[in-house]
Amino acid sequence: MKKLLAEALGTFTLVFAGTGAIVINEVSGGAVTHAGIALTFGLVVLAMIHTFGDVSGAHLNPAVTTAFAAAGRFPWRSVPGYL
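Its first residue numbered 269, the sequence shown is counted upward by one per residue in my numbering.
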């Protein structure tokens, strides 16, 4: 359960901060810029990997989970919880 909670919180944080940067960029007339949006996503991924990497692996993306399972590096029975 701890792994699933960590994964959900990490994914939520990534989506919330990333889309928040996009919204702020639109509202402010482009003050954040594309580089700022990309930096936001990158820094959030960095922070989530640092925070939750030891707990859940910090996949943060269903495609990563599926790819790990297909490569035999993650158990298929755990995939539905991560999606």
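Positions of the beta carbon are idealized from the N, C-alpha and C atoms, including for glycine. The structure presented is a predicted model; accordingly, all values stated were derived computationally and were not measured.
{"Asked": "Could you round the C-beta distance between A285 and V300 to whole angstroms and report it? I think they count as a contact, below 8 Å.", "Found": "Incorrect: roughly 12 Å between the Cβ atoms, too far for contact."}
{"Asked": "Quick one, which of S324, A303 and R345 has its alpha-carbon nearest M269's?", "Found": "S324"}
{"Asked": "Looking only at its chain, what residues have a beta carbon closer than 7 Å to the beta carbon of T308, apart from the 5 residues adjacent to it on each side?", "Found": "A285, G286 and A289"}
{"Asked": "Do P330 and L351 have their C-beta atoms within less than 9 Å of each other?", "Found": "yes"}
{"Asked": "A326 to V291, Cα distance in whole Å?", "Found": "25 Å"}
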